[in-house]
Structure formats: structure tokens, C-alpha cells
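Below is one structure, written out as C-alpha cells; the observations come after it.
In my numbering, the protein residues as written are 64 to 458.
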């Protein structure tokens with residue numbers, strides 16, 4: 064049976080990953096895709112997932128700018144339910160012929176909306192609701208085939224819907240904890256509007272990751288970058304399940320970690336019968352970083368040096384693939400999509416050198432969030448000291 068799925072179209076909003084995570088918290092799978100995904104690509108995804116709806120994320124631009132990001136027209140013609148949030152809300156209104164202009168007074172932070180019609184996404188809400196706003200532009204009017212569902216003192220169209228189609232827009236952010244009934248609004252969209260079934264569970268992610276590693280590596284060998292953190296630890300156990308003794312875990316002691324970290328890693332993984340190599344690379348990392356003070360430059364140097372160490376080990380062990388514990392926020396923060404804002408380069412994502420000797424880098428956790436990785440760790444019965452481990456500031 065295919066998993067019911069909501070696609071989140073990324074228009075460059077920094078909260079895009081939070082939307083995806085909130086949907087998954089309802090037991091429904093979410094996949095974040097580019098804003099310019101084509102209908103043909105959605106049809107291809109539909110071979111794997113049961114795509115039931117689309118969410119248009121927020122974004123940093125204004126919808127009326129000449130180069131504003133827009134979805135392909137073919138997406139709008141698919142007949143799938145759509146929920147536009149913030150920028151997505153304004154985008155739907157503008158495409159339909161509504162009026163979107165700079166707000167006379169911007170709204171940022173907690174606001175109170177008057178709910179004019181508690182239907183659809185707003186089903187079960189009261190006359191007044193606390194929400195989280197973050198916008199400089201406002202929808203001032205929508206065409207006759209749409210109806211206004213909510214407003215604020217400064218925003219005459221804070222929520223709307225199409226009178227016949229399952230298309231909704233919310234100016235606020237239901238994914239934010241500050242929106243008091245945000246989860247109820249998302250629940251309404253997922254189950255009342257999209258008619259999803261909560262048929263996605265974390266065990267499915269485990270099976271998918273193991274199968275991906277097994278299919279990619281095939282009869283070959285791989286090494287995995289094991290740091291001792293929750294992400295790489297989970298990726299290591301998943302990889303061992305997939306390819307058994309053809310996996311070598313490499314712990315690089317680069318000199319920028321907790322005291323007694325190598326001993327901690329040895330002890331934590333002794334029950335998993337994993338081939339573990341500990342590389343003393345403190346001197347080479349310190350030498351490369353001598354005199355470097357720019358954090359971004361440091362990350363690039365560290366990323367390259369890690370790869371060179373892994374290449375040396377791979378040559379000794381005959382490994383052709385490198386497995387990493389990269390998770391979704393690592394990629395978001397590194398600005399991996401054209402319209403994603405870069406927060407910082409992660410040494411295991413955009414910090415990697417262009418030329419590497421591996422056939423492929425495998426990232427089985429790339430679509431999971433940190434709390435989801437911890438849930439996988441519990442399923443895999445990792446030690447509690449790993450499951451509850453907090454991130455270290457790192458190199």
C-alpha cells in the first residue's frame with residue numbers, strides 16, 4: 064500500500080522544514096520539493112506515494128516582483144487540494160486575480176484574527192484566535208469565486224478559500240507553536256480536506272533507509288563517517304543492518320571534540336559488532352586550520368580534510384561508497400536549494416570538495432529531522448546515552 068503524502072512546495076521560506084515536520088507529526092508522510100516542480104514529476108512521485116495535497120510555503124520575496132517565484136501552471140490544474148501559507152497565501156490570491164500590495168502596517172509576531180467563517184481548514188475554531196504573523200505584504204481582496212474566512216485589523220483577507228475547489232490560503236503560520244490552534248488547522252487540511260489516512264510510521268523510514276543502502280552499495284564495500292553523535296550513530300547501525308561486515312565505521316579524532324570521545328564511541332558500539340577504525344588526525348587538522356579565523360572558511364577546510372581521511376581509509380579497505388549521517392536540517396541550513404536561505408555551510412554538505420574518489424555518497428537520513436532520528440535510534444535499540452545525546456559545538 065502506498066503511503067498518503069502531502070508535498071510541501073519550497074518557495075524559500077525558512078520555516079518550510081517545520082511545515083513538513085508538523086505534517087509528519089500527524090502520521091502522514093511529507094516530502095519537501097522545489098517550488099517549480101512539474102506536474103509530470105508529481106505523477107512520477109505518485110508511483111511511490113499517494114500524493115493527496117500540496118502546501119505552498121512562505122518565502123522571502125514579494126509576489127508582485129518581476130522575478131517572484133511561482134508554481135508551474137500545470138500544478139494548479141492537477142485538482143489536488145492546496146494550502147497556501149504566508150507567501151503561498153498571497154501567491155494563490157495574486158494568481159487568481161486578487162489584490163496583493165505592501166501592507167500599511169506590517170504584522171510580525173502574535174496577532175488575533177477574527178474568524179468570519181469556521182469552515183474547511185478553520186473548522187472548529189472560535190470567533191477570535193491567536194496566531195503567528197510574519198508579513199510585509201497583504202491580500203486586500205480576492206475575486207468572486209473565493210470567499211474570505213478571516214481578517215485582522217490590518218489584514219482584510221487573513222484567510223480565504225475557493226468556493227468550489229479545495230484551495231485555501233492562510234496569512235499566518237499554523238506550523239508555529241505560537242499559533243494556538245495551528246495543529247488543529249493542519250489536521251483539518253490533512254484529514255478533512257485532503258482525506259489522508261495516518262499510514263506513515265517511523266518503522267517505514269528504517270526499512271526504506273536499509274533498502275536504499277543495500278541497493279546502492281550492492282556487493283561492494285562502504286565506509287561510514289562515525290562522529291559519535293546521534294545522526295552518524297543511527298546511520299552506522301542502519302548501514303550495518305544493510306551490508307553487515309562490508310561496512311567500516313571511521314571515527315576521525317580531529318582534536319575538536321569532547322574529552323575521551325574515542326573511548327565513548329568504542330564503548331557505545333561494542334555490542335553491534337561493527338568494524339571500527341579510529342584515526343588520530345589531530346595534528347593534520349590543527350596544521351590545516353592554523354591562522355584561519357573565518358568560520359565559513361574553517362568549515363570548508365574541515366570538510367575537505369574529512370574527505371581526504373576517508374579516501375585514505377577507503378583505499379586500504381577497498382570501499383567505494385561513503386555513508387554519512389546528514390539529516391534534513393543540515394541541507395536546509397547549507398542552502399541546498401536555489402531559493403533556500405543559507406544559514407551556514409555544514410562540513411558534510413556544502414563543505415565537501417568538488418572532487419572526491421568515492422563512487423557515491425549515501426545519506427540515508429537526509430529527509431529526517433533530529434527528533435525523528437532519535438525515534439529511529441530507539442527502534443534500533445541504541446544505548447540511551449546516544450539517544451539522548453545533545454549536539455556538540457563541533458569543529
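Where is the CB? At the ideal position from N, CA and C, for every residue including glycine. Fair warning: this is a prediction, and the values are worked out from it, not measured in the lab.
Hey, out of the options, whose CA is closest to residue i's CA?
i           : options               : result
residue 148 : 105, 248 and 355      : 248
residue 78  : 263, 333, 349 and 238 : 238
residue 219 : 207, 176 and 335      : 176
residue 258 : 170, 250 and 264      : 250
residue 301 : 388, 109 and 346      : 388
residue 140 : 311, 106 and 372      : 106
residue 179 : 171, 224, 160 and 156 : 224
residue 535 : 260, 369 and 280      : There is simply no residue 535 to check, as the chain begins at 64 and stops at 458 in what is shown.
residue 430 : 83, 232 and 296       : 83
residue 306 : 272, 290 and 131      : 272
residue 154 : 142, 131 and 96       : 131
residue 439 : 298, 242 and 244      : 298
residue 386 : 288, 173, 350 and 393 : 288
residue 316 : 290, 295 and 309      : 290
residue 126 : 113, 342 and 162      : 162
residue 128 : 137, 150 and 253      : 150
residue 260 : 93, 428, 242 and 442  : 93
Put residue i into one of helix, strand or coil per three-state DSSP.
i           : result
residue 196 : strand
residue 210 : strand
residue 384 : strand
residue 439 : helix
residue 340 : strand
residue 205 : coil
residue 433 : helix
residue 321 : coil
residue 117 : strand
residue 244 : coil
residue 376 : helix
residue 403 : For residue 403, the pLDDT reaches just 43, beneath the cut-off of 50, and the residue's location in the model is therefore unreliable, although a value from the coordinates is still provided. It is coil, neither helix nor strand.
residue 424 : strand
residue 112 : strand
residue 258 : coil
residue 333 : helix
residue 360 : helix
residue 304 : helix
residue 398 : Bear in mind that a pLDDT of 47 at residue 398, under 50, signals an unreliable position, so the number given afterwards is only what the model happens to contain. Coil, per DSSP.
By a C-beta neighbour count over all protein chains shown, 10 Å radius and 16 as the cutoff for buried, is residue i buried or exposed?
i           : result
residue 455 : exposed
residue 39  : Here the chain covers residues 64 to 458 and nothing more, so residue 39 does not appear.
residue 354 : exposed
residue 192 : buried
residue 123 : exposed
residue 216 : exposed
residue 157 : buried
residue 142 : exposed
residue 453 : exposed
residue 321 : exposed
residue 67  : buried
residue 144 : buried
residue 329 : exposed
residue 201 : buried
residue 295 : buried
residue 362 : buried
residue 240 : exposed
residue 393 : buried
residue 120 : buried
Output the boundary residues of the alpha helix (DSSP H) element that contains residue i.
i           : result
residue 138 : 136-139
residue 272 : 265-280
residue 80  : 79-87
residue 448 : 447-450
Locate the beta strand (DSSP E) running through residue i, then write down its first and last residues.
i           : result
residue 17  : Any answer about residue 17 is impossible in this case: the structure gives the chain only from 64 up to 458.
residue 348 : Segment 345-352 is the alpha helix (DSSP H) holding residue 348; no beta strand (DSSP E) there.
residue 172 : 162-178
residue 70  : 66-73
residue 94  : 92-97
residue 539 : Given a span of 64 to 458 for the chain in the structure shown, any question on residue 539 remains unanswerable.
residue 225 : 222-225
residue 233 : 230-233
residue 106 : Taken as a continuous stretch (DSSP letters only), residue 106 belongs to no beta strand (DSSP E), being part of the alpha helix (DSSP H) at 102-108.
residue 287 : 285-288
I'd like to know whether the C-beta of residue i is nearer than 9 Å to at least one C-beta of chain C.
i           : result
residue 102 : Protein chain content of the structure displayed is limited to a single chain, and chain C is not contained in it.
Problem - the segment 325-336 contacting the segment 344-355, beta-carbon criterion three pairs below 8 Å - result: no
Exercise for the section: Tell me, please, whether the segment 158-173 touches the segment 182-189 by the rule of three or more beta-carbon pairs shorter than 8 Å. Expected result: no
Practice task
Inspect the CB distances between the segment 203-215 and the segment 266-285 and report whether three or more fall short of 8 Å.
Solution key: no
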